[in-house]
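**Student:** Chains as they are written, first to last, in the numbering used here: chain A, 174 to 596; chain B, 174 to 596.
All C-beta atoms, glycine included, are put in the ideal place defined by N, C-alpha and C.
On a predicted model such as this, the values are computed, not experimentally measured, just so you know.
The structure's right below; bear with me while I get my questions together.
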């Protein structure tokens, strides 16, 4: 008997039909003798609907109020999925309701009800602790906890959310807290691909991938898993299984690198593209110690994730710093930089370039093979693509390019590194 | 300086425009030097949307899951109203947000966050206690608590709801707990009328009305206030002010009868009509002690409110019991009665008559004036309307009639008792 956490994303609970499917799936899983814990996202479209309502009031909403608002999406999904599980269980004769319409296989649980404690960084909160006592009690009673992903409460009992895709992190954190045997991530694709199939028709499903490669792919725009969830899974060695809720085939297993045989080690395992990138260049900054700290400190206090950072050689005592951020953070970043100019760097010029894409290659194999980066640059050059910024790590190389050329770049890299052939 | 609870119903927060209006209104009220506490309902249409989702899964939903689902409607409204208040306060220069987008005049609060404890009768829960410590703390800091109406938590921390219109009860309970000076109920009409203006064009706004009359009017289908909220207001002597959020004119004050001058005492103060009524007749019941207790006990355990009850004189040892319930409870009631027939009263025949209306006249004046009831029957007879059941109390008389004749009946009674002339 195993303990399995099953996480269902927005499209997997996007309609009443899909919700009923999830209910049958969970009950079937339980009937095989396993303990099942569900973590659900908001129905697809729901979070966007709520965000749109907030934007009508304020384009940069106050964060605490925003989190309370959007957390309601997961609450709706928890209510409906639990209702569907009980309804199906009644149909199967597992439960009989009493006169007050109560009976339960499902145990609907919000963040505050199982003590998912987070810090107070609203909209990007990090989980600090989970109280598993209620979960253990419900499991012992043969019930299926249905938990709202994406949400928690801070020390003052304010509702917090974990950022887009945060339900993945909720699922892995709960799996870790419960020492689950497996964490299944159900989504609308049947696994992790060598690249985005919409950008490259030759994309191929990867059977097994290491946590490290998956982290790089996640950080590079593969929307399948939130990167924090992979970090957490790696830390607690929770095996992930990314699979489709529409198609019961085996998906992609994300595991420790030591569980991957060396025969499977390929040079490059995936190509990623992230298209909603903005490049900001700050020109005419004084060449003084602490300038970068002031700029990036201000951005970081607002929880803006800065990606590629490049600093030019100073000329005439003046400095240019360039960096990229996601389109979502652009409005807030601009506001912060304008304040900085008003209060500290009066000469600073802010140059913004939007609609950029970051294309990246990822693979643990490249650690021991020199020349992978230069091959990437050649492939892009041959395709007539100009590179605006470059950044590298031990197992990835990323290039910032014009967003309109993202598809062409991905195809050239996928073909050039022969990803359609491997495995 | 007064402490005022302001409750805004679904239409009052039904659009972003309306929500922004509420925000300005609350801040204006605070600027006059009063302590303001808001209680909000779900945006109009939202609860129906959620109920429709649940119905697609199960026409008689499991109650705990249903409550968790529909409570999210108020959470959305709390988030948006709080966001609008902070946005307006920022515009007025009252607050300045920090780098993490935090600052607050509004304090968004859900039922569980201020310990609104209820019993576990899901969908019709009753409030048992409210912990006012957080509210006092927020008020002392010059903030405006924005509280989700309609919801609470039971002893096991399950989310409960108070029944349709329950936000009125939330508001009055909070006003009572805080010993508020006034409880303003903002709705889409500008007060309580002598009858439903849609049914009778001569309907007139009532300036002041006693708790007792208001309770009768509420129980009789005047949708302005949930009856439990009026009971609660009477018990704790909380003055209510029913008024429009669209129109700043004085509405209707609901106060103790001893505050109404005797000059104001009129025979009949209002005519009410409730159109979604179903009459159930149980025929061929055995004439034995305890039969009624069994029937109504079963219905009451399912929290079905039974209204008019009539028992015929038995003939041949067999009994007929008739009663009315709301259309909403009809499906569940039928199920319970069928179970009762299967297990106890095999000879029982269930006759159902739907689409009925209950028309009623209400007035503290009628206590000391005989002949009011008979005048009502005459007026209905003159209008050609057949009476199916009659029930009376000290300050009201109700008649069950064909639903299609409701409008005609209301007009005849309004005219006959000269309600267009009084006050």
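Look at the alpha carbon of residue 355 of chain B and the alpha carbon of residue 293 of chain B, and state the distance between them as a whole number of angstroms.
**Tutor:** Sequence index remark: in the second chain, residue 355 of chain B carries index 182 (1-based). Sequence index remark: in the second chain, residue 293 of chain B carries index 120 (1-based). Straight-line Cα distance between these residues: approximately 29 Å.
**Student:** With 16 other CB atoms within 10 Å as the buried threshold, where does residue 282 of chain A fall?
**Tutor:** For this step, residue 282 of chain A is matched to residue 109 along the first chain. Residue 282 of chain A should be labelled buried.
**Student:** Please classify residue 368 of chain B as buried or exposed, where buried requires at least 16 neighbouring CB atoms within 10 angstroms.
**Tutor:** For this step, residue 368 of chain B is matched to residue 195 along the second chain. Burial call: buried.
**Student:** Going straight from the alpha carbon of residue 442 of chain A to that of residue 459 of chain A, what length do you get?
**Tutor:** Within the first chain, the letter at position 269 stands for residue 442 of chain A. Within the first chain, the letter at position 286 stands for residue 459 of chain A. The alpha-carbon atoms of residue 442 of chain A and residue 459 of chain A are separated by roughly 42 Å.
**Student:** By DSSP's criteria, residue 334 of chain B is part of a beta bridge. Which residues make up the other side?
**Tutor:** The sequence position of residue 334 of chain B within the second chain is 161, counting from 1. BP columns for residue 334 of chain B point to B:324.
**Student:** Start and end of the beta strand (DSSP E) containing residue 570 of chain A?
**Tutor:** Working through the first chain from its first residue, we reach residue 570 of chain A at position 397. Residue 570 of chain A -> beta strand (DSSP E) spans 569-575.
**Student:** Output needed for residue 202 of chain B: all residues of its chain with C-beta closer than 8 Å, excluding positions within five of it in sequence on either side, in chain order.
**Tutor:** Counted from its first residue, the second chain places residue 202 of chain B at position 29. Counting only Cβ-Cβ distances below 8 Å, and skipping sequence neighbours, we find 177, 179 and 209.
**Student:** What do you reckon, are the CB atoms on residue 189 of chain B and residue 226 of chain A nearer than 9 Å?
**Tutor:** For the purposes of this step, residue 189 of chain B is taken as the residue at position 16 of the second chain. For the purposes of this step, residue 226 of chain A is taken as the residue at position 53 of the first chain. Contact: yes.
**Student:** By Cβ distance, which residues of its chain are closer than 7 Å to residue 593 of chain B, with the 5 residues on each side in sequence left out?
**Tutor:** Locating residue 593 of chain B in the second chain gives position 420, counting from the first residue. The answer, listed in chain order, is 375, 377 and 587.
**Student:** Using a threshold of 9 Å, state whether the C-beta atoms of residue 224 of chain A and residue 444 of chain A are closer than that.
**Tutor:** As a first step, residue 224 of chain A must be located in the first chain, where it is residue number 51. As a first step, residue 444 of chain A must be located in the first chain, where it is residue number 271. Contact flag unset, no.
**Student:** For the alpha helix (DSSP H) that residue 345 of chain B lies in, which residues bound it at each end?
**Tutor:** Here residue 345 of chain B refers to the residue found at position 172 of the second chain. From DSSP, the alpha helix (DSSP H) with residue 345 of chain B extends over 339-351.
**Student:** For my contact list, residue 278 of chain B and residue 287 of chain B are in at a C-beta cut-off of 8 Å; report their separation, rounded to the angstrom.
**Tutor:** Indexing the second chain from 1 puts residue 278 of chain B at position 105. Indexing the second chain from 1 puts residue 287 of chain B at position 114. Actually they are not in contact, since the Cβ atoms of residue 278 of chain B and residue 287 of chain B sit about 17 Å apart, beyond 8 Å.
**Student:** What residue from A:326, A:506, A:390 and A:389 has the CA that sits closest to residue 476 of chain A's CA?
**Tutor:** The residue you call residue 476 of chain A lines up with position 303 of the first chain. Residue A:506 is the option with its Cα nearest to residue 476 of chain A.
**Student:** Could you give the distance in angstroms between the alpha-carbon of residue 541 of chain B and the alpha-carbon of residue 174 of chain B?
**Tutor:** For this step, residue 541 of chain B is matched to residue 368 along the second chain. For this step, residue 174 of chain B is matched to residue 1 along the second chain. Approximately 41 Å between the Cα atoms of the pair.
**Student:** Since I believe residue 568 of chain B is in contact with residue 385 of chain B (beta carbons under 8 Å), could you give me their beta-carbon distance rounded to a whole number of angstroms?
**Tutor:** Taking the second chain and counting its residues from 1, the one referred to as residue 385 of chain B is at position 212. Taking the second chain and counting its residues from 1, the one referred to as residue 568 of chain B is at position 395. The Cβ separation is near 6 Å, so the contact holds.
**Student:** If you drop the 5 nearest sequence neighbours on each side, which residues of the same chain put their C-beta closer than 6 Å to that of residue 581 of chain A?
**Tutor:** By one-based count along the first chain, residue 581 of chain A stands at place 408. Within the same chain, residue 581 of chain A has close Cβ partners 556.
**Student:** I need the DSSP call for residue 542 of chain A, collapsed to helix, strand or coil.
**Tutor:** Sequence index remark: in the first chain, residue 542 of chain A carries index 369 (1-based). Coil.
**Student:** What did DSSP end up calling residue 562 of chain B once you bin it into helix, strand or coil?
**Tutor:** Within the second chain, the letter at position 389 stands for residue 562 of chain B. Residue 562 of chain B falls in the strand class under three-state DSSP.
**Student:** Output, in sequence order along the chain, the residues in the region 246-264 of chain B whose CB is closer than 7 Å to any CB in chain A.
**Tutor:** 248, 249, 251, 252, 253, 255, 256, 257, 259 and 260
**Student:** Quick test of the definition: if touching needs 3 or more C-beta pairs under 8 Å, does the region 412-427 of chain B touch the region 558-574 of chain B?
**Tutor:** no
**Student:** Under a Cβ-count criterion, where at least 16 other Cβ atoms within 10 Å of its own Cβ denotes burial, should residue 259 of chain A be classed as buried or exposed?
**Tutor:** On the first chain, residue 259 of chain A is found 86 positions in, with the first residue counted as 1. Buried, since its Cβ has 16 or more Cβ neighbours within 10 Å.
**Student:** Could you confirm whether any beta carbon from chain A is found closer than 9 Å to the beta carbon of residue 244 of chain B?
**Tutor:** Residue 244 of chain B sits at position 71 when you count from the first residue of the second chain. Yes - at least one Cβ of chain A is within 9 Å of the one on residue 244 of chain B.
**Student:** Counting beta carbon pairs with one atom in the region 338-353 of chain B and one in the region 396-412 of chain B, are three or more of them shorter than 8 Å?
**Tutor:** yes
**Student:** Within its chain, find whatever has a CB closer than 6 Å to the CB of residue 561 of chain B; leave out the 5 residues flanking it on each side and keep chain order.
**Tutor:** Along the second chain, read from residue 1 onward, the residue named residue 561 of chain B stands at position 388. If we look at residue 561 of chain B and ignore the five residues flanking it on each side, its Cβ neighbours are 573.
**Student:** I'd like to know if residue 318 of chain B contacts chain A, where contact means its C-beta is closer than 9 Å to some C-beta of that chain.
**Tutor:** The residue you call residue 318 of chain B lines up with position 145 of the second chain. Not one chain A Cβ lies under 9 Å of residue 318 of chain B.
**Student:** Which runs of the alpha helix (DSSP H) spanning at least 4 residues fall entirely within the region 381-423 of chain B, listed in chain order?
**Tutor:** 384-392 and 400-409
**Student:** Is it true that the region 240-252 of chain B meets the region 318-334 of chain B, where meeting means three or more beta-carbon pairs spaced less than 8 Å apart?
**Tutor:** yes
**Student:** Buried or exposed for residue 485 of chain A, going by 16 or more other Cβ atoms inside 10 Å?
**Tutor:** The residue labelled residue 485 of chain A in the question sits at position 312 within the first chain. Within a 10 Å sphere around the beta-carbon of residue 485 of chain A sit fewer than 16 other beta-carbons, which makes this residue exposed.
**Student:** Using only CA atoms, which one of A:409, A:425 and A:522 lies nearest to residue 398 of chain A?
**Tutor:** Taking the first residue of the first chain as position 1, residue 398 of chain A is located at position 225. Among A:409, A:425 and A:522, the Cα nearest to that of residue 398 of chain A belongs to A:425.
**Student:** Quick check: the Cα distance between residue 528 of chain B and residue 579 of chain B, rounded to an integer number of angstroms?
**Tutor:** Along the second chain, one-based indexing puts residue 528 of chain B at 355. Along the second chain, one-based indexing puts residue 579 of chain B at 406. Straight across, the Cα-Cα distance linking residue 528 of chain B with residue 579 of chain B is about 10 Å.
**Student:** From the DSSP output, which residues share a beta bridge with residue 208 of chain B?
**Tutor:** Along the second chain, read from residue 1 onward, the residue named residue 208 of chain B stands at position 35. B:176, per the DSSP bridge assignment.
**Student:** Below 7 Å on C-beta distance, what does residue 229 of chain A contact in chain B?
**Tutor:** By 1-based counting over the first chain, the position of residue 229 of chain A is 56. Those within 7 Å of residue 229 of chain A in chain B are 189.
**Student:** Could you compute how far the alpha carbon of residue 274 of chain A sits from the alpha carbon of residue 254 of chain A?
**Tutor:** Mapped onto the first chain, residue 274 of chain A falls at position 101. Mapped onto the first chain, residue 254 of chain A falls at position 81. Computed Cα separation, rounded: 16 Å.
**Student:** Taking only the alpha-carbon atoms, compute the straight-line gap between residue 264 of chain A and residue 315 of chain A and give it to the nearest angstrom.
**Tutor:** The residue you call residue 264 of chain A lines up with position 91 of the first chain. The residue you call residue 315 of chain A lines up with position 142 of the first chain. Those two C-alpha atoms are separated by around 17 Å.
**Student:** Which of helix, strand or coil does DSSP assign to residue 430 of chain A?
**Tutor:** Walking along the first chain from the start, residue 430 of chain A turns up at place 257. Reduced to three states, the DSSP call for residue 430 of chain A is helix.
**Student:** I'd like to know whether the C-beta of residue 437 of chain B is nearer than 9 Å to at least one C-beta of chain A.
**Tutor:** Within the second chain, the letter at position 264 stands for residue 437 of chain B. In this prediction, residue 437 of chain B scores a pLDDT of 48, lower than 50, which makes its location untrustworthy; no coordinate-derived value is stated.
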